[in-house]
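So the structure is just underneath, and the comments pick up after that.
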Amino acid sequence: DKGGHKYFMAKEIGEQPLAIGDTLAEYLREGTPGVTLPEGLDFSAVSRITMVACGTAYYACLTAKYWFEQLARLPVEVDIASEFRYREPPMPEGSLAVFVSQSGETADTLAALRHVAGQGVKVASVVNVPESSIARESDVVLPTRAGVEIGVASTKAFTCQLTVLAAMAVRAAADRGTLTEDRMAQVMAALRAVPGAVNQALSLASDIAGIAAELAEAQDVLFLGRGALFPMALEGALKLKEISYIHAEGYASGELKHGPIALIDPNVPVVVLAPMDRLFDKTVSNMQEVMARGGKVLLVSDGPGLERASDGVWKWLRMPQVDPVFAPIAYAVPVQLLAYHTAVAKGTDVDQPRNLAKSVTVE
Ligand code: M6R
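Numbering (UniProt numbering), first residue to last: 244 to 606.
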């Protein structure tokens with residue numbers, strides 16, 4: 244049942260505030276301060292984390308790397324499952340391996356899990372299907388409560404994965420005592436604010452539909468972001484490719500001048516994801532390099548960011564103002580809506596894009 248929507252993807256994008264709220268309820272328990280994790284997961288004994296996944300789940304891991312490193316001062320290595328398993332990386336003592344998968348059945352991720360489990364490393368998994376193979380073979384299971392996701396393009400499962408990983412990073416910070424009491428209180432407040440911020444971002448849908456009608460004419464699109472918004476740029480590009488078949492690339496804003504800036508011309512829209520954070524001015528200067536070369540920029544920022552930097556951009560979208568720490572979760576929404584409405588404008592099969600399967604159970 245598409246709940247009155249044209250596609251499951253639209254329904255699933257709209258379900259995110261609820262899905263994230265349900266997921267958070269699993270980790271933020273009434274009457275218990277801080278983050279509650281399943282038994283058997285204690286970060287005071289962990290000295291490094293290895294995260295492994297495929298596709299969009301991999302981008303969730305890349306985002307979480309910023310959180311674990313910044314909040315909990317834990318070194319994190321992130322790998323694509325199909326690379327990880329054959330590289331056979333060593334797992335020093337104190338390693339925690341985290342596997343992230345909506346379906347819990349992705350063949351490469353499962354094979355990577357079996358590779359580390361055989362070495363006696365503690366295995367945690369973030370999965371949406373609790374009875375899946377990945378869940379069954381893990382020492383600790385951290386569920387996402389996204390509900391069934393039908394659209395091949397992952398949306399609500401992704402933001403729920405981000406939510407669980409954010410909660411884990413907060414708990415890791417608490418276990419390791421890396422934040423001041425004040426900062427911990429702010430970060431907890433930021434975590435609780437995620438469903439509301441995502442809900443506010445959803446109100447951009449009609450503005451985005453207008454922009455997408457023009458984006459649908461493009462042959463190539465670039466997505467830029469810095470810090471924890473860099474993985475969201477990668478996700479934006481993947482979503483757009485996957486369902487609209489428009490070629491897109493995501494780059495770290497600072498990497499532009501090392502090659503991809505050669506692609507800039509008035510026919511290549513550049514989507515810039517830039518909440519007002521400590522890296523904002525740096526991202527804006529990269530954006531200005533694009534504009535100086537005739538590139539047309541879609542700036543996705545908050546009120547203060549737009550006030551500072553929207554002069555001369557092609558289009559802009561006003562996001563709610565949130566604590567920058569978990570801003571990537573809210574910024575997933577415009578990225579998903581852009582891909583969705585562009586695909587609708589192009590008339591592709593949004594829920595069943597060509598050549599793709601919901602769950603990739605072959606290598
Ligand atoms: O079920 P999984 O989370 O393990 O799936 C991983 C990828 O196949 C998946 O995220 C894929 O990239 C999506 N189609 C992206 O929208």
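The C-beta atom is built at its ideal place from N, Cα and C for all residues, glycine as well.
Bounding residues of the beta strand (DSSP E) (the contiguous stretch that carries residue i)
i    : result
E348 : Premise fails: E348 is in no beta strand (DSSP E) and is neither H nor E.
R561 : 558–562
S368 : 365–370
Distance between residue j and residue i (C-alpha atoms, nearest Å)
i           : j    : result
K539        : L271 : 42 Å
residue 230 : Y583 : With the chain running from 244 to 606 in the structure shown, residue 230 is simply not present.
E269        : G390 : 13 Å
V578        : G479 : 5 Å
residue 608 : A575 : Since the first residue of the chain shown is 244 and the last is 606, residue 608 is not available in this structure.
E485        : E424 : 43 Å
D566        : R551 : 18 Å
A455        : E380 : 42 Å
M431        : K601 : 33 Å
A354        : E331 : 11 Å
E460        : I323 : 32 Å
V383        : L280 : 9 Å
V556        : I504 : 17 Å
M530        : A300 : 28 Å
P260        : F327 : 33 Å
R388        : A410 : 14 Å
A417        : P276 : 11 Å
A440        : L599 : 31 Å
A495        : A396 : 23 Å
Y302        : L467 : 14 Å
I256        : T398 : 6 Å
S368        : I377 : 7 Å
M534        : M427 : 39 Å
G283        : S338 : 14 Å
I451        : R357 : 42 Å
E258        : K558 : 27 Å
A436        : R536 : 38 Å
Secondary structure of residue i, DSSP reduced to three states
i           : result
residue 654 : No answer is possible for residue 654: the residues shown for the chain start at 244 and end at 606.
M334        : coil
residue 222 : Here the chain has residues from 244 to 606 only, and residue 222 is not among them.
D463        : strand
I323        : strand
D508        : coil
G493        : strand
L541        : strand
S344        : strand
L447        : coil
G555        : coil
L516        : strand
L405        : helix
L339        : strand
G439        : helix
Contacting residues, own chain, Cβ-Cβ under 6 Å from residue i (five flanking each side not counted)
i    : result
L522 : R469, G470
C304 : M294, A296, V321, V343
T604 : E348, A350
P596 : V395, E485, I486
D520 : P567
S325 : D351
Same chain, Cβ closer than 8 Å to residue i, five either side skipped, listed in chain order
i    : result
D463 : I489, H490, A491, E492, L506, N510, V511
A448 : L580, H584
L317 : F286, V289, S290, R291, I292, F311, A415, R419
R561 : L447, S544, D545, G546, L549
T306 : L405, L408, A471, P474, M475, P571
Integer Cβ distance of residue i from residue j, believed to fall under 8 Å
i    : j    : result
W310 : L434 : Going by Cβ atoms, the distance from W310 to L434 rounds to 10 Å, so no, they are not a contact pair.
I263 : T421 : That belief does not hold up - the Cβ atoms of I263 and T421 are roughly 25 Å apart, past 8 Å.
A400 : N371 : 5 Å
A444 : P547 : Not a contact, Cβ separation roughly 16 Å.
P518 : L267 : No, P518 and L267 are not in contact; Cβ-Cβ is about 20 Å, not under 8 Å.
L465 : V513 : 5 Å
L541 : V515 : 7 Å
G394 : Y250 : 7 Å
Same chain only: Cβ atoms within 7 Å of residue i, ignoring 5 sequence neighbours per side
i    : result
K500 : E532
S375 : S346, G347, E348
V413 : V278, L314, V430, M431, L434
A586 : I486, S487, V593
G246 : K254
V359 : M334, A340, V366
P386 : E269, V370, P373
A588 : A455, A456, A459
First through last residue of the alpha helix (DSSP H) which encompasses residue i
i    : result
Y309 : 298–315
Y574 : 570–589
D425 : 424–435
P260 : 259–270
P373 : Per DSSP, P373 belongs to no alpha helix (DSSP H) and is neither H nor E.
P386 : No alpha helix (DSSP H) holds P386; the beta strand (DSSP E) holding it covers 383–386.
A389 : Here A389 belongs to no alpha helix (DSSP H), and DSSP marks it neither H nor E.
N529 : 523–535
E478 : 473–487
Residue i Cβ short of 7 Å to the ligand FAD heavy atom set
i    : result
V437 : By its list of ligands, the structure shown excludes the ligand FAD, since it contains just the ligand M6R.
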